[in-house]
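Residue numbers 6 to 409, in our numbering, belong to the letters of the sequence shown in order. Note that the Cβ used here is the ideal one computed from N, Cα and C, for glycine as well.
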Amino acid sequence: MSHLHFDCFSGISGDMCLGALVDAGLSFATLKKGLKLLKTNGYHLYAKPVHRGTIQATKVEVKVRQGFERPLSLPTIRRMIKQSLLPSRVKTHSLKVFQRLAEAESAVHGVPQTKFHFHEVGVVDSLVDVVGTLLGIEYLGVTSASASPINVGSGTILTAHGELPVPGPAVAQLAQKIPIYAAGPRLELTTPTGMAIISVLTQNFGPLPPLTPTHIGYGAGTANPDNWANALRVFMAKESSQGFHDTESILEIHTTIDDLNPQAYESVMERLFQAGALDVTLTPVIMKRSRPGIILSVLVPDQGREAVIQCLLQETTTLGVRIHEVDRTVLHRRLEKIQLPEGKVRIKIADIGEGREKIMPEYRDCQSLAKKTGKPVREVIDSALEAYRQTTRGTARKAAKTSR
6 MSHLHFDCFS GISGDMCLGA LVDAGLSFAT LKKGLKLLKT NGYHLYAKPV
56 HRGTIQATKV EVKVRQGFER PLSLPTIRRM IKQSLLPSRV KTHSLKVFQR
106 LAEAESAVHG VPQTKFHFHE VGVVDSLVDV VGTLLGIEYL GVTSASASPI
156 NVGSGTILTA HGELPVPGPA VAQLAQKIPI YAAGPRLELT TPTGMAIISV
206 LTQNFGPLPP LTPTHIGYGA GTANPDNWAN ALRVFMAKES SQGFHDTESI
256 LEIHTTIDDL NPQAYESVME RLFQAGALDV TLTPVIMKRS RPGIILSVLV
306 PDQGREAVIQ CLLQETTTLG VRIHEVDRTV LHRRLEKIQL PEGKVRIKIA
356 DIGEGREKIM PEYRDCQSLA KKTGKPVREV IDSALEAYRQ TTRGTARKAA
406 KTSR
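What follows is the structure, encoded as structure tokens:
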């Protein structure tokens, strides 16, 4: 298991991601072989060492063959990815990246997602950039990721829609809830593809976290301005036996309320989660003059601060909030789906070190199946746990046979 940190001091793009991964140790031959699973042959892939400023980096280029330059629609891209033989996680993340790109482009241009044809993104080279990056991360065994705030650049760019400001409208749309800034030469440093990739890979943006690097890679951008290292840097770090959890700084925002109709709290909590809250709790307290009241507490990343504060001030009767920065330690976790006779249940799995796990079925999935079948919820939860254990045992037996 490995952690990957993206240092986006000169922005991020699809080709920069590919170059950085290859520079950090991803086998270029393995990458090319893996991309054949996509079942498209309209390109050639090249990698070479170059200099950006005084730094040597790897430049990965996708040369599209003549006749394959046409724009692609979102349904076409979905079909190509779903019909491929790519690993399931690569498929899932690739579909998410293009979905976010489509949502951003359609919001900017006012065109329905299904009818929108990508121009700057979505042709074969961007398809290779996205799938290649996610495939490389899979091959390198990356299980968690983080990123610095992203340098988007400045100035203007010439696009299929005319001359536009930097960051381009699609990048700006995708950058919501992601910390960005502008520095360096007047160039587009972050592309829609790069922003969509990083938004799918992580929501953990901040300074370089404590880690012990095993590999460092530099992926070259296309532009080579004077006196500027236009490259994406990545840090690879092996997770130690103690590295089954992450510690991050987040905000705790809370307020005390004694005059809000209790029926409103359900709606308030829903709005807070939509605004980016990680957790919302209500604690009953006795306030001045012996009035019963509620402490409403919200945990949120720093980039969601304003949205949460605005929600609290608009949706409740409070006149002010208190804000504290706190450290939060969380276990690494993942979701898997288990098929029961009654339907599918998502299982949340958290690593606790030394090969041990905490597992818990998603309650709402179990509740839905219980209503559907008339079984007790507890019985559905037990069935889901047993089904997961059986699947895990089967996978372990299969691995043991293969290793003999």
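Is the beta carbon of Lys377 less than 9 Å from the beta carbon of Ile364? For the purposes of this step, residue 377 is identified with residue 372 of the sequence shown, where counting begins at 1. For the purposes of this step, residue 364 is identified with residue 359 of the sequence shown, where counting begins at 1. No, the pair does not count as a contact, with Cβ atoms beyond the cut-off.
Three-state secondary structure (DSSP) of Ile185: Locating residue 185 in the sequence shown gives position 180, where the first residue counts as 1. Correct three-state label for Ile185: strand.
Presumed contact (8 Å Cβ cut-off) between Leu237 and Thr138, rounded CB distance: The residue labelled residue 237 in the question sits at position 232 within the sequence shown. The residue labelled residue 138 in the question sits at position 133 within the sequence shown. The Cβ separation is near 11 Å, so there is no contact.
Gln344 lies in the beta strand (DSSP E); which residues open and close that run? For the purposes of this step, residue 344 is identified with residue 339 of the sequence shown, where counting begins at 1. First-last of the beta strand (DSSP E) with Gln344: Arg338 to Leu345.
Close-in-space but distant-in-sequence residues of the same chain around Arg497 (CB under 6 Å, 5 per side omitted): Since the first residue of the chain shown is 6 and the last is 409, residue 497 is not available in this structure.
Pairwise C-alpha distance: Val273 and Leu317: Numbered from 1 along the sequence shown, position 312 holds the residue referred to as residue 317. Numbered from 1 along the sequence shown, position 268 holds the residue referred to as residue 273. Taking the straight line from one Cα to the other gives about 8 Å.
Apart from the five residues on each side of it in sequence, which residues of its chain come closer than 6 Å, Cβ to Cβ, to Asn235? For this step, residue 235 is matched to residue 230 along the sequence shown. Excluding residues within five positions, the ones whose Cβ falls inside 6 Å are Ser15, Arg57, Gly226 and Ala228.
Neighbourhood of Ser99 by C-beta, 7 Å cutoff - its chain only, sequence neighbours within 5 removed: Position 94 of the sequence shown, counting from 1, holds the residue named residue 99. Closer than 7 Å at Cβ, skipping near neighbours: Ile86, Val135, Val136 and Leu139.
What number of angstroms, rounded off, separates the C-alpha of Thr195 from the C-alpha of Ser18? As a position in the sequence shown, residue 195 is number 190, starting the count at 1. As a position in the sequence shown, residue 18 is number 13, starting the count at 1. Roughly 6 Å separates the two Cα atoms.
Leaving out five residues on either side along the sequence, give the residues of the same chain with a beta carbon under 7 Å from the beta carbon of Ala392. Locating residue 392 in the sequence shown gives position 387, where the first residue counts as 1. Contacts found: Ile343 and Leu345.
So which of Asp387, Glu143, Val176 and Lys64 has the shortest CA-CA distance to Asn109? One-based indexing of the sequence shown puts residue 109 at position 104. The residue you asked about is not Asn; residue 109 is Ala in the sequence shown. That would be Val176, whose Cα lies nearest to the Cα of Ala109.
Determine the direct distance from the alpha carbon of Ala312 to that of Phe278, and round the result to whole angstroms. The sequence position of residue 278 within the sequence shown is 273, counting from 1. The sequence position of residue 312 within the sequence shown is 307, counting from 1. Whole-angstrom Cα-Cα distance: 10 Å.
Please go through the same chain and pick out, in chain order, the residues whose beta-carbon is closer than 8 Å to the beta-carbon of Arg338, but skip the five residues on each side of it. Within the sequence shown, residue 338 is the residue found at index 333, counting from 1. If we look at Arg338 and ignore the five residues flanking it on each side, its Cβ neighbours are Lys353, Ile354, Ala355 and Asp356.
Cβ-based neighbour list, Glu143, same chain, cut-off 6 Å, excluding 5 preceding and 5 following: Reading the sequence shown from its first residue, position 138 is the one you call residue 143. Correct list, in chain order: Pro92 and Val95.
Below 6 Å CB to CB, which residues in the same chain sit around Phe103 once its five sequence neighbours on both sides are set aside? Position 98 of the sequence shown holds residue 103. Cβ neighbours of Phe103 beyond the five flanking positions: Ile82.
Rounded to the nearest angstrom, what separates Leu9 and Thr260 at their Cα positions? For the purposes of this step, residue 9 is identified with residue 4 of the sequence shown, where counting begins at 1. For the purposes of this step, residue 260 is identified with residue 255 of the sequence shown, where counting begins at 1. Each residue's alpha carbon lies about 37 Å from the other.
For Asp20 and Val55, believed in contact at Cβ under 8 Å, the rounded distance: As a first step, residue 55 is located in the sequence shown; it is residue number 50 there, counting from the start. As a first step, residue 20 is located in the sequence shown; it is residue number 15 there, counting from the start. Not a contact, Cβ separation roughly 12 Å.
Going by beta-carbon coordinates alone, are Leu283 and Ile300 separated by less than 9 Å? Position 278 of the sequence shown holds residue 283. Position 295 of the sequence shown holds residue 300. Not a contact, by the Cβ cut-off of 9 Å.
Buried or exposed for Pro267, please, with buried defined as at least 16 other CB atoms from any protein chain shown within 10 angstroms of its CB. For the purposes of this step, residue 267 is identified with residue 262 of the sequence shown, where counting begins at 1. Looking at its Cβ environment, which holds fewer than 16 other Cβ atoms inside 10 Å, Pro267 is exposed.
Buried versus exposed, by CB contacts within 10 Å (16 or more), Gln247: Counted from its first residue, the sequence shown places residue 247 at position 242. Low confidence applies here, because Gln247 scores a pLDDT of 45, under 50, leaving its location unreliable and the question unanswered by this model.
Please determine, among Val128, Val69 and Gly309, the residue with the shortest C-alpha to C-alpha distance to Ala280. Within the sequence shown, residue 280 is the residue found at index 275, counting from 1. The shortest Cα separation from Ala280 among Val128, Val69 and Gly309 belongs to Gly309.
Based on DSSP bridge pairs, tell me the residues matched to Pro289. Locating residue 289 in the sequence shown gives position 284, where the first residue counts as 1. Pro289 is bridged to Ile299.
Assigned exposure category for Arg394 - 16 Cβ within 10 Å defines buried: Translated into the one-based positions of the sequence shown, residue 394 becomes position 389. Looking at its Cβ environment, which holds fewer than 16 other Cβ atoms inside 10 Å, Arg394 is exposed.
Alpha carbon of Glu257 to alpha carbon of Phe33, nearest angstrom: Within the sequence shown, numbered from 1, the residue matching residue 257 stands at position 252. Within the sequence shown, numbered from 1, the residue matching residue 33 stands at position 28. Roughly 44 Å separates the two Cα atoms.
So, Ser151 versus Phe210, is the Cβ gap smaller than 9 Å? Taking the first residue of the sequence shown as position 1, residue 151 is located at position 146. Taking the first residue of the sequence shown as position 1, residue 210 is located at position 205. Taking 9 Å as the Cβ cut-off, Ser151 and Phe210 qualify as a contacting pair.
Alpha helix (DSSP H) runs wholly inside the stretch 216–279, at least 4 long, in chain order: 270–279
If I measure Cβ to Cβ from Asn156 and keep anything under 8 Å in the same chain, skipping five residues before and after, which residues do I get? Against the sequence shown, residue 156 aligns to sequence position 151. Here the set comprises Cys13, Phe14, Ser15, Gly16, Ile185, Tyr186, Ala187, Ala188, Gly189, Leu194 and Thr195.
Assign Ser99 to one of three DSSP states: helix, strand, or coil. Your numbering for residue 99 matches position 94 in the sequence shown. Helix at Ser99.
Report all residues from its chain with a CB closer than 7 Å to the CB of Asp264; omit the five preceding and five following residues, and keep chain order. Within the sequence shown, numbered from 1, the residue matching residue 264 stands at position 259. Only Thr322 meet the Cβ criterion.
Which of the three DSSP states, helix, strand or coil, is assigned to Arg333? What you label residue 333 is simply residue 328 of the sequence shown in a count that begins at 1. Looking at Arg333 - three-state DSSP - the assignment turns out to be strand.
With C-beta atoms as the reference, is Gly224 less than 9 Å away from Val69? The sequence position of residue 224 within the sequence shown is 219, counting from 1. The sequence position of residue 69 within the sequence shown is 64, counting from 1. No, these two residues do not count as a Cβ contact at 9 Å.
Tell me which same chain residues have a C-beta within less than 8 Å of the C-beta of His49, skipping the five on either side of it? By 1-based counting over the sequence shown, the position of residue 49 is 44. Val67, Lys68 and Arg70, listed in sequence order.
Taking 7 Å as the limit between beta carbons, can you name the residues of its chain near Val113, skipping five residues before and five after? By 1-based counting over the sequence shown, the position of residue 113 is 108. Only Pro174, Ala175 and Gln178 meet the Cβ criterion.
For Leu336 and Ser388, I'd like the C-alpha separation in whole angstroms. Here residue 336 refers to the residue found at position 331 when the sequence shown is read from its first residue. Here residue 388 refers to the residue found at position 383 when the sequence shown is read from its first residue. Those two C-alpha atoms are separated by around 25 Å.
Straight-line Cα distance separating Ala201 from Arg105: Indexing the sequence shown from 1 puts residue 105 at position 100. Indexing the sequence shown from 1 puts residue 201 at position 196. Spanning the two alpha carbons is a distance of roughly 6 Å.
For Asp130, is the classification buried or exposed, using 16 other Cβ atoms within 10 angstroms of its Cβ as the cut-off for buried? Translated into positions along the sequence shown, residue 130 becomes position 125. Counting Cβ neighbours within 10 Å, Asp130 comes out buried, since at least 16 surround it.
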